[in-house]
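Going from the sequence shown to our numbering is simple: count from 1 and add 27.
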Amino acid sequence: MKKTLPQYLVLSGVVLFAGCGGGSGSSESQPPAIDLGPLSGVISIESGSRIDQDTMDQLRFAGASPASGAQTLPASFVLAGFVSSRNGSYPLLNGQLFSYAADPVDNFTVPMGPGETVILRNFGGRDGDAELELRVTAGGILYGADETAADKPSVSVTLDSGAPERNYSVEVSVASGGGPARYVLVKAADGQLDSVSLDWPDHPFLPGQAIVTLDATDSGTMSSLATGTASAERHLGGSDWLMRMPAQASSRAVSATQMQAETLSWVTQLRQMPGVKDAVPNYQMSSMQSSPVDEPLYGLQWHYDLINGPGAWQLAPDGGEGASVAVLDSGLFSPNGTTAWHPDLDANVDGGRDFVDNDFYPEDPGSSVGASVFHGTHVAGTVAAVVNGEGIGGVAFGSRIVPVRVLGEGGTGSSTDLIDAIRWVTGDSPRQNLPRAEIVNLSLGGLPRIQALEDAIAFGVGRGMIFVGAAGNSATSTQSFPAASPNVLAVSAVDAGGRLASYSNFGSWIDLAAPGGDASRDGNNDGRADLIWSTSAVGQAGQFVASYTGLQGTSMATPHVSGVMALLKAQKDTLTYSEVRALLESGELTDYPGSRNDQLGYGILDAAKALQANLEGNVTILSPSPSQVSLSNEGVTSATVVLSQIGSGSVSDVSLTNNLTWINVTQPKERDDGRYVFNVSLVESEIEPDTAYRGDIFVSYKDGSTSRELRLPVVAQLISDEQARDAGTHFVLLVDTTPDDDGFYWAEAQVAVEASEGSYRFRFEADDGEEPRRLNEVSPGDYFLVAGTDIDGDGIICQPGEACAEYPISGLREVITIEEGQSLSDLRMTTSFTRPTISAETPDILPRPGFQGYRLITPERDSARTNSDNRPRMTQ
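See below:
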């Protein structure tokens, strides 16, 4: 879809976009000022980014030599670097020669403590086969070392429990082979959250209900029970009946504790009655599985705490078993093209449909050009990844996934495929009379209003289905369909701090918000960029293998809501969209602030609150606000936590346990409104600067006779270098939209910028038609806007191990059309060294199979554009 903007840029030419990623744009009420140049903007730097002090950006200049001293790094970082065992030249590239300099060793000073890990990933280079060594020492003692290999590109060193907390020397060097190598060095701050099970060894039961076995020889027993002792709910077969307490007893306004006690007393009374062989409470059972908190990567999934996931899984321990969610997206990753899906999804996948290739095998084959995002796999994982002791778990980890492929190459698709897919899922066809799923996840958008699409959705709603859509990533109030349909829940995205993400759409049509992440922020002060982690795939040895990736976007927010809808549907299979709307608008699905707004709608999704509102029963739990406490010296140093009772009863014996020395915590006090309140404050003297501290406060309480425990995550930081992010010299390019025969995209205009106060600012100038033509002059035409580093000096940016930014988001770039006489300012991108994916052991970088990179303008290619140092620079 081509969208004309009142500035210099026209977004071009696709019908349907996947809804993940960043974006640019401005509020319609505050349009950006027209810039003097035709195109300008800002590049944000992903949290924790650092650059090696002697990459080829520095070594290319005459007289330059490798750094002699150690570079000091913070406690949490992602650093890209360059080493080379010798001076040399890369193989000719389209007849052009690029040289590199010797830099065999890089030294860093890194604060580390017991149990902390530093990770090295070797990406090699275009010349040679260098393998790298990682060494960690202190005071002449070697604490660990490892070398990369062809089959082991990542190595790590972890300090043991007896290691002192101090500054360590971390050395990266060429261990074997020759030539240059790009690398990424990563360290996450100490205190990654331990897995805490939410399953308790108790036997919950439904208040006011009992299973009664009658004596078959006593025909008068049922009549005597009906006189006021109990009422028959339904026949269970044989002599067994489900009984309820008398209405006058069960309807009285009593606490949950009292109701539990009265139920047990009533069961005892039933057992003593003539003709009753047995009576037991109506116990609630659960499968023998743990919640997603037990999955190895749960510590990265801050987004579940933000939606009160742990509280929800107390109320829905089966994870939505019996409900099904259709994921209309790019399909699912299939290892080696077999019939199995990603191993963290496979057990929950039902039969689907591919409307791109028109078959019944909705496999996502990856993209032939650009990043293979495996968007649908990521979305499906957030909905219903299996709890199996590996990777992650989904919001509704017991529900079923119906994969429906409507997005193809580059994450695009047609509106006709979308309409056909919705009609297939809703069962609106001569051969299907029933819906194939109860929830439909639409992490896509960018369409105008289409009546046929509205009709297809309305048909599904009439059959009891619930549709959830991504609001879009253009940072505008312009409606994006299908999310803006009145029959779809429109979901905006927030970061880990609960703020609207920088890319998220907004407006009067937004219904609610959910975690979508924001790579340029660290909203919860945990030392990591706010990304949503889920299932994906990564290229290895010429094929894709199952893995895990961090992404951002309203696409990532939407499946959180779909997962919660599945939990609700599993609780109450008759739940309709109109009932969901009633819950939403009464504030029962979110952390309702008391009134809706155009950024978050009725608020941020609260899974536990939604389930309690939908639950048949009297379970009462404590729900914390905030659900995670974030403290810092430059933000909130003291926070008040309110524990609200969710349920019709009340809790008792509330107590708190804190074993963290870097916070002070008061004991909970009950207020007149029945809520419990306590205070958490930062002890700055116990915290080292620029170190992310993580831990848990535990709140114990009783719900009737059932003991429960709430885990409240706490993160804290003493920030001293918030503006120190630096991803190295960035070349900002406007490139041809079609690669050459070798797979390279060539730059037509170029500027080079340095980081200033944690970001980059760039500006292109209009081509004035005069010679010589400067590198930063741009002519009307179609381009991709990209930026990145060339740390190894081979004339290519955005290779693995180098920073990269694409407009509007890396992996989901869009064509921009520059028209003469128009201007656009304040374009926004985010740069990062990582293409995040992760295994159970270590994080990894996402490679881009088939993508060669973006070619810089060089003197050999266009001497008319050359200035004194071939690197035009922005004046900051």
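For glycine and all other residues, C-beta sits at the position ideal for the given N, C-alpha and C.
Counted within 10 angstroms of its Cβ, other Cβ atoms place residue i as buried (16 or more) or exposed
i	result
Asp377	exposed
Thr82	buried
Pro138	buried
Thr453	buried
Arg904	Outside the modelled stretch of the chain, which goes from 28 to 903, sits residue 904, for which no answer is possible.
Gly122	exposed
Ala423	buried
Thr503	buried
Leu480	buried
Arg476	exposed
Thr885	buried
Ser574	buried
Glu390	buried
Glu784	exposed
Ala259	exposed
Nearest neighbour of residue i, chosen from the options [CA to CA]
i	options	result
Glu846	Ser657, Val805, Asp853, Asp821	Val805
Asp723	Pro716, Trp340, Asp769, Val692	Val692
Arg148	Gly166, Thr256, Trp268, Ala176	Ala176
Glu174	Ser188, Ala165, Val199, Tyr195	Val199
Gln570	Val678, Pro362, Gly701, Val303	Pro362
Met592	Gly496, Thr136, Gly418	Gly496
Asp794	Pro620, Gly785, Ala782, Pro807	Pro807
Leu471	Gly437, Ala510, Leu327	Ala510
Glu606	Leu658, Arg271, Val488, Val704	Val488
Val1	Phe705, Ala520, Asn532, Gly358	The structure shown does not extend to residue 1, since the chain spans only 28 to 903, so no value can be given for it.
Glu192	Leu159, Thr136, Glu158, Ser181	Thr136
Residues bridged to residue i (per DSSP)
i	result
Glu792	Glu804
Lys729	Ser679, Ser734
Ser92	Ser92 is not bridged to any residue.
Arg153	Its beta-bridge partners do not exist; DSSP assigns none.
Asn134	Glu198
Leu516	Val495
Trp689	For Trp689, which the question treats as bridged, DSSP gives no partner whatsoever.
Tyr772	Tyr881
Ile631	Ala540
Span of the alpha helix (DSSP H), counted from its first residue to its last, around residue i
i	result
Gln744	Unbroken run through Gln744 is the beta strand (DSSP E), 733-744; no alpha helix (DSSP H).
Gln85	83-86
Asn641	634-641
Tyr604	604-612
Gly487	478-489
Asp444	442-453
Ala511	Taken as a continuous stretch (DSSP letters only), Ala511 belongs to no alpha helix (DSSP H), as it is neither H nor E.
Limits of the unbroken beta strand (DSSP E) element including residue i
i	result
Ala593	No beta strand (DSSP E) contains Ala593, which is instead part of the alpha helix (DSSP H) from 581-598.
Tyr210	207-214
Tyr530	No beta strand (DSSP E) contains Tyr530, which DSSP labels as neither H nor E.
Phe758	757-762
Gln567	559-567
Val70	The sequence given here has Ile at residue 70, not Val. Looking at the DSSP string, the run of the beta strand (DSSP E) that includes Ile70 is 66-72.
Val184	181-185
Leu100	Where Leu100 is concerned, there is no enclosing beta strand (DSSP E), given that its DSSP letter is neither H nor E.
Thr664	Looking at the DSSP string, Thr664 is not in any beta strand (DSSP E), and its letter there is neither H nor E.
8 Å Cβ cutoff met for residue i and residue j
i	j	result
Ala107	Gly152	no
Ala637	Leu610	yes
Val400	Phe860	no
His757	Tyr720	no
Thr764	Ala814	no
Val467	Val406	no
Phe791	Leu66	yes
Ala523	Trp689	no
Leu649	Val678	yes
Ala412	Asp371	yes
Leu445	Thr585	no
Gly75	Arg548	no
Arg450	Ala483	yes
Ser529	Asp545	yes
Ser351	Ser426	yes
Tyr125	Tyr117	The amino acid at residue 125 is misidentified as Tyr; the sequence shows Phe. Yes; because the gap between Cβ atoms is below 8 Å, this pair is in contact.
Cβ of residue i within 8 Å of any chain B Cβ
i	result
Arg855	Absent from the structure: chain B. Only one protein chain is present.
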